[in-house]
Amino acid sequence: MKIEINNLTFKCIIGILDFERIKKQRVIINTSFEYEFTKDSFIDYSEVSTLIKTIMKKKNFFLLEDAILHLEELLTNKYPIKNLHIKISKPDILKDCIVTLSNH
0 MKIEINNLTF KCIIGILDFE RIKKQRVIIN TSFEYEFTKD SFIDYSEVST
50 LIKTIMKKKN FFLLEDAILH LEELLTNKYP IKNLHIKISK PDILKDCIVT
100 LSNH
């Protein structure tokens, strides 16, 4: 099975510049992963999305790269998943574009 959680949108503190450390910024996270589904063993995508939001709001990362690596480690240790892809976008940080980083 493949789960995709797209356009998970919320505000958090993320960035290295002073103004990024004061005012919460909107981020959009897209995540996908595969796992072996059985009727007795499944992954609750609501739980995964809540965990991502909680960690992002709690940790106040300086770099998007650090956030991706932390989420990658957390999700692969907590769930029996493979082929994890995480993409984080900061749509409001630059005037004329959206900044996006991913682990693939």
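Each step along the sequence shown adds one to the number in numbering that gives the first Met the number 0, with nothing skipped, and position 102 is 101. A virtual CB, placed ideally from N, CA and C, is assigned to each residue, including glycine. All of these numbers come straight from a predicted model, not from anything done at the bench.
What is the C-beta distance between residue i and residue j, in whole angstroms, given that I count them as a contact (C-beta under 8 Å)?
i, j, result
"Leu-74", "Ile-80", "6 Å"
"Asn-82", "Glu-33", "5 Å"
"Leu-104", "Ile-27", "With the chain running from 0 to 103 in the structure shown, residue 104 is simply not present."
For residue i, count the other beta carbons within 10 Å of its own beta carbon; 16 or more makes it buried, fewer makes it exposed. Which is it?
i, result
"Thr-30", "buried"
"Val-98", "exposed"
"Phe-41", "exposed"
Under 7 Å between the Cβ atoms of residue i and residue j?
i, j, result
"Lys-23", "Ile-15", "no"
"Lys-52", "Phe-9", "yes"
"Asp-91", "Arg-25", "yes"
"Asn-102", "Glu-71", "yes"
"Ile-87", "Tyr-44", "no"
"Leu-93", "Leu-63", "no"
In this structure, does DSSP put residue i in helix, strand or coil?
i, result
"Ile-15", "coil"
"His-69", "helix"
"Asn-59", "coil"
"Lys-38", "coil"
"Asn-76", "helix"
Could you spell out where the alpha helix (DSSP H) holding residue i opens and where it closes?
i, result
"Tyr-34", "That residue, Tyr-34, is in no alpha helix (DSSP H); its beta strand (DSSP E) goes 24-34."
Output the boundary residues of the beta strand (DSSP E) element that contains residue i.
i, result
"Phe-84", "This sequence places His at residue 84; Phe is not what is there. First-last of the beta strand (DSSP E) with His-84: 80-93."
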